[in-house]
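For the protein sequence lines, the chains are A and V, in the order given.
As numbered in numbering that gives the first Met the number 0, residues 0 to 531 make up the first sequence, in order.
As numbered in numbering that gives the first Met the number 0, residues 0 to 323 make up the second sequence, in order.
Don't be surprised by glycine CBs; every beta carbon is placed ideally from N, CA and C.
As the structure is a computational prediction, the values presented were derived from the model and not from experiment.
The structure appears right after this line, and notes come after that.
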Amino acid sequence: MTVSIGRRGAIAAAGAAAMPVAASAQGADPRRGGTLVTLGATTRHVNPAIQSGTPAGIPGTQIFASPLRFDDKWNPQPYLAERWELAADGKSLTLHLVKGAVFHDGAPITSADVAFSIGVIQKNHPFKTMLEPVETVETPDAQTAIIRMARAHPAILLAMSPALCPILPKHVFGDGRDILTHPANTAPVGSGPYRLTEFKPGESITLERFDRFFIPGRPYLDKIIMRIIADPPTQLLAMERQEVVYSSFVTTVRDAERLAKQPHIQIIDKGFEGIGALNWLAFNTARKPLDDKRVRQALAYLADRPRMLRVLQGGKVPQALTPLHPGSALYTTEVNHFEYDLKKAEALLDEAGLKKGADGTRFKITIDPIPGTVEATTGIAEFLRGQFKRAGVELELRVAPDFPTWAQRVAGQEFDLAIDAVFNWGDPVIGVHRTYLSRNIRKGVIWSNTQSYSNPKVDALLDAAASEPDPVKRKALYKEFQQVVVDDVPILFLHPFPYTQAAHKGLKGLPTSIWGPMSPWDEMYWDAADRR
Amino acid sequence: MNAASWLLRRLIHAAGLLLAVLVLNFVLIHAAPGDPAVVIAGEMGGASTEVMDKIRADYGLDQTLPVQLLRYLGRVVGGDLGHSFYFNRPVASLVAERMGATALLVVSAILTAFVLGTWLGILAARRPRGLAAQLVAVFSVAGFAAPVFWTGMMLLLLFASTLPIFPVSGMEDVGRPKLGFAHAIDVAHHLVLPAMTLALVYIAQYSRQSRAGMLAALAADYIRTARAKGLGEGRVVYRHALRNALIPVITIAGLQFGQVLAGAVLVETVYSWPGLGRLAYESILRRDSPTLLGILLGSALMVILANLATDAAYRLADPRMRGA
């Protein structure tokens, strides 16, 4: 027996149903034409099948289509798959591809391409848990792909998202060459709304409308130019001067407020729930005295995160409480909030045998902030230094000049505390488990369990939740997971990143689904009066 | 010494210098903390140890440093600058694509600095106690003191934001045709702020240098003789005094070519100028040592050529040097 959760009918109808959400809500008819100049980021290539992250993901989701896309309420929507069925036991997903869809070179998109792409992603994408249970992909006909899994895998639908499951042409990428260094990674033949026409590494990426895109009438824009401007103040000036008219990731409240003062700019705070970016303080639980849970809890009580956010973010950014982003449907607030309590912190440190010395110091530790904006990195470290000192804990700030230096320390587990920015990636199986599973303690691998955190109960909860098809039971498992991890404090969660999108007011149909800018921009269009 | 033997001797020196630059740069870059495989894995969103081992093996990073150095030198001698770890492209093509933009920026900055600096120096030297001389002195101190990136941001705020005369970033307007006179004007329009940013510190320096040179020259006997013979002041200053006063300025300009290139890293980053400086910045951030070594080799080559040109200009400006 299967449970159908797809929409019946042709993709044209599905597209027509989806399109007005963005367009009609703004009281205008989408019109074709115009060029969008947006900020891009330096990337090695534009193939999201073999790497995560926004620099490749944003252009990649324009170039490649995926089986499904999502709305702003976490509901899957038809894309290359016009409908789909997830088996009641959760062990197979059948995708029915839209008929007549073609790649940018005119070759038809078939189930063989879907099977090939899933194989490539399973083997090469860094998120190993994302498609781990997939055993085979059957292709009974050119339009049907059946993904068979060893166990129920509730994350499979989110794993079909644009940034996570780009459909690659087998006839291009399946030529036997190493996929990690394949020349088509920088000159791809895609399946999405735009085709790549120029890739200048570190400089710009140019995309043009693919006229044979499988959703009739889409996309609306003629051309997208992603300009890479390395200097953040110059990025802001370029937005203000309208040299760039769209920034899909404004990273600080300060920048968003500055841009909002421009009469031609609109700020959109939707579209970042899927990515789920969190800023956190990681503890190396393999090092003394941080191997003692009481010490970590004491530091959590000292941190005073609400005050930290008032001081550094003007109180405009909420506090993060758990490993899950507050935008996740699985998020809970029923955890220890570790409200500031100096007495409790001192009692815990005394209990752990870390008494104050003659100079008032209990112990010294270091902190390594990831290179980034002051308010999310070194500012936090400076704030914590003052907080920890109140209880006699000396914090030494080690500022890394760049990401490689920081990454070497953290991946090599040569740190005490580290401030890090990590994404949830939709389902916890995809982006959360990697940080807490004890089997993912891998020295030298960044964004693995670099905290060396090991709790058999957490391992069991995560394994159970990964294959629990019942949403209610799954939510309960993740609730318990959050409670245990928050109490163990391998990580102290600081805040979700206050990402926003900034766009010229003449731009309509902006991507506000859970994946926001990492979803196809086929609904974006210029208001007639502002078109350029 | 005749010109041919002088040139041959300088070329032999240049080859030895290039080899030393290559070896030193290689050792220094590899001494910096940070593993390119971790950087690539970081951008991938994490990677298994197997993938990281494969990256190291693909790029020869699993070999000892001396082996890597010997392999690298062998490739360079064969005309191959290697393959970028990060951009996954031949370094030679990456460098060649950006060489033109940097050459345009650096040459424009040096010429601007040379012409304006010299002119200001003459202005200050002709009336050493006048208002112009005082203003030039103040400007020189300020020009020296201001860091390039700060100057860049200030010029951007002033001339691209408050008075929106010049574009904020890039080398050309996107979407415009890239041919013809209109394109040249567009590039020149984008060039003004980056070139001025880079030039300002050198304008300050050259103005001081040429002022000192002019003051010395104007006090010399042959100038007094020239004036006594009834030559006009313009002819005395520009034909006789300036020629001698320029020699130290030319020397400094040539020697500073390397510094100007270093300044270009910051200027190109602030203005998103698509040249070698920006590529160097990206390469440093990503520990892309083949690309960085390629850029440094290109820079060293440009510096050596600039020094050669300086020496040639020196010989041209001062006939006494032709015997050296």
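When you compare only the Cα positions, how much space is there between residue i and residue j?
i: Ile-121/V; j: Arg-128/V; result: 13 Å
i: Tyr-280/V; j: Glu-171/V; result: 21 Å
i: Gly-515/A; j: Pro-153/A; result: 22 Å
i: Asp-469/A; j: Ser-116/A; result: 28 Å
i: Gln-265/A; j: Asp-71/A; result: 19 Å
i: Val-186/V; j: Arg-240/A; result: 18 Å
i: Tyr-237/V; j: Asn-243/V; result: 10 Å
i: Gly-52/A; j: Met-225/A; result: 16 Å
i: Arg-251/A; j: Leu-156/V; result: Inspection of the sequence shows that residue 251/A is occupied by Thr rather than by Arg. Whole-angstrom Cα-Cα distance: 20 Å.
i: Ala-215/V; j: Arg-223/V; result: 12 Å
i: Phe-414/A; j: Ser-282/V; result: 25 Å
i: Thr-101/V; j: Ala-305/V; result: 14 Å
i: Ile-513/A; j: Gly-77/V; result: 52 Å
i: Lys-355/A; j: Leu-416/A; result: 21 Å
i: Gly-73/V; j: Asn-448/A; result: 41 Å
i: Asp-419/A; j: Leu-353/A; result: 27 Å
Please name the residue, chosen from the options, that lies closest to residue i on a Cα-to-Cα basis.
i: Lys-342/A; options: Thr-321/A, Leu-301/A, Gln-312/A; result: Leu-301/A
i: Ala-319/A; options: Thr-135/A, Arg-68/A, Thr-138/A, Phe-492/A; result: Phe-492/A
i: Lys-363/A; options: Leu-298/A, Tyr-78/A, Gln-412/A; result: Leu-298/A
i: Pro-66/A; options: Tyr-78/A, Phe-271/A, Gly-59/A, Val-444/A; result: Tyr-78/A
i: Ser-203/A; options: Val-75/V, Ala-312/V, Trp-272/V; result: Trp-272/V
i: Ala-56/V; options: Trp-5/V, Gly-45/V, Phe-84/V, Pro-65/V; result: Phe-84/V
i: Tyr-219/A; options: Glu-207/A, Val-252/A, Ala-255/A; result: Glu-207/A
i: His-432/A; options: Leu-85/A, Ala-417/A, Val-457/A, His-494/A; result: Val-457/A
i: Ala-312/V; options: Leu-104/V, Arg-8/V, Glu-96/V, Thr-250/V; result: Thr-250/V
i: Lys-478/A; options: Gly-356/A, Pro-325/A, Lys-504/A, Gln-241/A; result: Pro-325/A
i: Arg-43/A; options: Thr-360/A, Trp-520/A, Glu-374/A, His-181/A; result: His-181/A
i: Leu-277/A; options: Pro-322/A, Gly-118/A, Asp-358/A; result: Pro-322/A
i: Val-90/V; options: Met-301/V, Thr-290/V, Val-75/V; result: Thr-290/V
i: Ala-55/A; options: Ile-39/V, Glu-49/V, Ala-308/V; result: Ile-39/V
i: Arg-176/A; options: Val-119/A, Ala-357/A, Glu-197/A; result: Val-119/A
Mind checking residue i: buried by the 16 CB within 10 Å criterion, or exposed?
i: Gly-81/V; result: buried
i: Phe-271/A; result: buried
i: Asp-220/V; result: exposed
i: Thr-109/A; result: buried
i: Gly-191/A; result: buried
i: Gln-204/V; result: buried
i: Pro-455/A; result: exposed
i: Ala-325/V; result: Past the edges of chain V, shown from 0 to 323, lies residue 325/V, and the structure says nothing about it.
i: Gly-26/A; result: For Gly-26/A, the predicted model reports a pLDDT of 46, less than 50, meaning its position is unreliable; a value from the coordinates is still stated below. The residue in question, Gly-26/A, is exposed, as its Cβ has fewer than 16 Cβ neighbours within 10 Å.
i: Lys-169/A; result: buried
i: Gly-201/A; result: buried
i: His-336/A; result: exposed
When you compare the CB positions of residue i and residue j, do they come within less than 7 Å of one another, or not?
i: Trp-405/A; j: Ile-369/A; result: yes
i: Asp-34/V; j: Gln-407/A; result: yes
i: Val-259/V; j: Gln-208/V; result: no
i: Met-148/A; j: Pro-125/A; result: no
i: Leu-254/V; j: Ala-240/V; result: no
i: Gly-89/A; j: Ala-151/A; result: yes
i: Tyr-245/A; j: Ala-80/A; result: no
i: Met-129/A; j: Ala-158/A; result: yes
i: Val-167/V; j: Ala-237/A; result: yes
i: Ala-399/A; j: Val-444/A; result: no
i: Met-517/A; j: Thr-60/A; result: yes
i: Thr-111/V; j: Ala-2/V; result: no
i: Phe-209/A; j: Arg-194/A; result: yes
i: Ala-265/V; j: Val-147/V; result: A small fix is needed here, since residue 265/V is Leu in this sequence, not Ala. Yes.
i: Leu-295/V; j: Asn-24/V; result: yes
i: Gly-142/V; j: Val-50/V; result: no
So that I know if they touch, is there some Cβ in chain B lying closer than 7 Å to that of residue i?
i: Gly-33/V; result: Absent from the structure: chain B. Protein chains present are A and V.
Touch check for the segment 162–175 of chain A and the segment 43–53 of chain A: three-plus C-beta pairs under 8 Å?
-> Three or more beta-carbon pairs separated by less than 8 Å link the segment 162–175 of chain A to the segment 43–53 of chain A, which places the two stretches in contact.
Just checking, does the segment 2–21 of chain V make contact with the segment 275–287 of chain A on the three C-beta pairs under 8 Å criterion?
-> In short, these stretches do not touch, since the Cβ pair count stays below three.
Do the segment 376–395 of chain A and the segment 276–296 of chain V meet, that is, are 3 or more Cβ pairs less than 8 Å apart?
-> Three or more Cβ pairs closer than 8 Å define a contact, and the segment 376–395 of chain A falls short of that threshold against the segment 276–296 of chain V.
Cβ contact (3+ pairs, closer than 8 Å) linking the segment 17–33 of chain V and the segment 67–80 of chain V = In this structure the segment 17–33 of chain V lies against the segment 67–80 of chain V, because at least three pairs of beta carbons, one per stretch, are closer than 8 Å.
How about the segment 423–437 of chain A and the segment 459–476 of chain A: do they share at least three Cβ pairs that are nearer than 8 Å?
-> Yes: the two stretches touch, three or more of their Cβ pairs being nearer than 8 Å.
Counting Cβ pairs closer than 8 Å, one from the segment 27–36 of chain A and one from the segment 524–531 of chain A, do we hit at least three?
-> Enough Cβ pairs lie closer than 8 Å, so yes.
Within the chosen definition, does the segment 100–120 of chain A reach the segment 182–200 of chain A through at least 3 CB pairs nearer than 8 Å?
-> Inter-segment contact for the segment 100–120 of chain A and the segment 182–200 of chain A is present: three or more beta-carbon pairs are separated by less than 8 Å.
Is it true that the segment 262–271 of chain V meets the segment 143–158 of chain V, where meeting means three or more beta-carbon pairs spaced less than 8 Å apart?
-> Three or more Cβ pairs closer than 8 Å define a contact, and the segment 262–271 of chain V meets that threshold against the segment 143–158 of chain V.
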